[in-house]
Amino acid sequence: GAGVSQSPRYKVAKRGQDVALRCDPISGHVSLFWYQQALGQGPEFLTYFQNEAQLDKSGLPSDRFFAERPEGSVSTLKIQRTQQEDSAVYLCASTPGLITLNEQFFGPGTRLTVL
Amino acid sequence: GQNIDQPTEMTATEGAIVQINCTYQTSGFNGLFWYQQHAGEAPTFLSYNVLDGLEEKGRFSSFLSRSKGYSYLLLKELQMKDSASYLCAVISGNTPLVFGKGTRLSVIA
Chain A
1 GAGVSQSPRY KVAKRGQDVA LRCDPISGHV SLFWYQQALG QGPEFLTYFQ
51 NEAQLDKSGL PSDRFFAERP EGSVSTLKIQ RTQQEDSAVY LCASTPGLIT
101 LNEQFFGPGT RLTVL
Chain B
1 GQNIDQPTEM TATEGAIVQI NCTYQTSGFN GLFWYQQHAG EAPTFLSYNV
51 LDGLEEKGRF SSFLSRSKGY SYLLLKELQM KDSASYLCAV ISGNTPLVFG
101 KGTRLSVIA
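Chains A and B, in that order, give the protein sequences. With our numbering, the residue at position 46 of the first sequence is 46, and numbering never jumps. With our numbering, the residue at position 25 of the second sequence is 25, and numbering never jumps.
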């Protein structure tokens, strides 16, 4: 497909479990973003990659959150020892170029529920 | 830091016009985006304003006043499918996009 895809779409984890969320950006898009969206809220920035370089991770809420994009395309957001407050929709977005200039194309999100 | 404020909920009638306001406080302003998000779906791009004035795109228009830190999204000839959340987002300097909490619009018959 031509859009951003994410998998899984839904994930239920027990508290303390590790999870890995995958994002496939639009082919050729340089920049990739991860957001966390709680119910009834706007997306909140987590981290940002330009190709394989993670340029900003200031939004990651704790050291349990880790993101990588080793080959500059697919990205994985990993959450270790999940907590109930991690329950949210995790959105991935990509843009063709620089952060400030382009609209972001969002994937459908992964809804994470931590029990 | 940045502060973005928009109403939480609005209701409007099919066929009417609705204006969704957004106010922001930021330094190094580089532009303001509006996104539409249907429940359970991804946000989709509606508009981008960097200069003062009105940008019209079909039934949707977006206005920006940089001096007032103010924008609005105007939706005309409302349709039921316009029921969604509308997200205002600001970009400043090289910081990532900062979103408001969104305005949930309900269109009623």
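Cβ coordinates follow ideal geometry from the N, Cα and C atoms, glycine included. As the structure is a computational prediction, the values presented were derived from the model and not from experiment.
Any C-beta of chain A under 7 Å from that of residue i
| i | result |
| --- | --- |
| residue 87 of chain B | yes |
| residue 84 of chain B | no |
| residue 42 of chain B | yes |
| residue 96 of chain B | yes |
Residue-level contact to chain B via CB, residue i, 7 Å cutoff
| i | result |
| --- | --- |
| residue 8 of chain A | no |
| residue 48 of chain A | yes |
| residue 42 of chain A | yes |
Distance CB(residue i)-CB(residue j) smaller than 7 Å
| i | j | result |
| --- | --- | --- |
| residue 16 of chain B | residue 78 of chain B | yes |
| residue 4 of chain A | residue 97 of chain A | no |
| residue 49 of chain A | residue 42 of chain B | no |
| residue 113 of chain A | residue 19 of chain A | no |
| residue 109 of chain B | residue 14 of chain B | yes |
| residue 30 of chain B | residue 106 of chain B | no |
| residue 20 of chain B | residue 90 of chain B | no |
| residue 42 of chain A | residue 100 of chain B | yes |
Cβ-Cβ separation, residue j to residue i (assumed contact under 8 Å), whole Å
| i | j | result |
| --- | --- | --- |
| residue 69 of chain B | residue 87 of chain B | About 17 Å; that fails the 8 Å criterion. |
| residue 21 of chain A | residue 90 of chain A | 5 Å |
Where residue i meets chain A, residues with beta-carbon distance less than 8 Å
| i | result |
| --- | --- |
| residue 100 of chain B | 42 |
| residue 48 of chain B | 103 |
Neighbouring residues, chain B, relative to residue i (Cβ below 9 Å)
| i | result |
| --- | --- |
| residue 91 of chain A | 42, 43 |
| residue 56 of chain A | 94, 95, 96 |
Chain B residues whose Cβ lies nearer than 7 Å to that of residue i
| i | result |
| --- | --- |
| residue 24 of chain A | Per Cβ cutoff of 7 Å: no residues; residue 24 of chain A is ~13 Å from chain B at best. |
Where residue i meets chain A, residues with beta-carbon distance less than 9 Å
| i | result |
| --- | --- |
| residue 33 of chain B | 103, 104 |
Reduced DSSP secondary structure (H/G/I, E/B, other) of residue i
| i | result |
| --- | --- |
| residue 78 of chain A | strand |
| residue 86 of chain A | helix |
| residue 57 of chain B | strand |
| residue 24 of chain A | strand |
| residue 5 of chain B | strand |
Contacts that residue i makes with chain B (C-beta to C-beta distance below 8 Å)
| i | result |
| --- | --- |
| residue 70 of chain A | Result: empty, since nearest Cβ-Cβ is about 21 Å, beyond 8 Å. |
| residue 107 of chain A | 42 |
Closer than 6 Å: residue i CB and nearest the ligand NAD heavy atom
| i | result |
| --- | --- |
| residue 41 of chain B | What this structure holds is no ligand at all, so the ligand NAD is not there to describe. |
Below-7 Å beta-carbon distance, residue i vs any chain C residue
| i | result |
| --- | --- |
| residue 65 of chain A | As a matter of chain content, chain C is missing from the structure shown, whose protein chains are A and B. |
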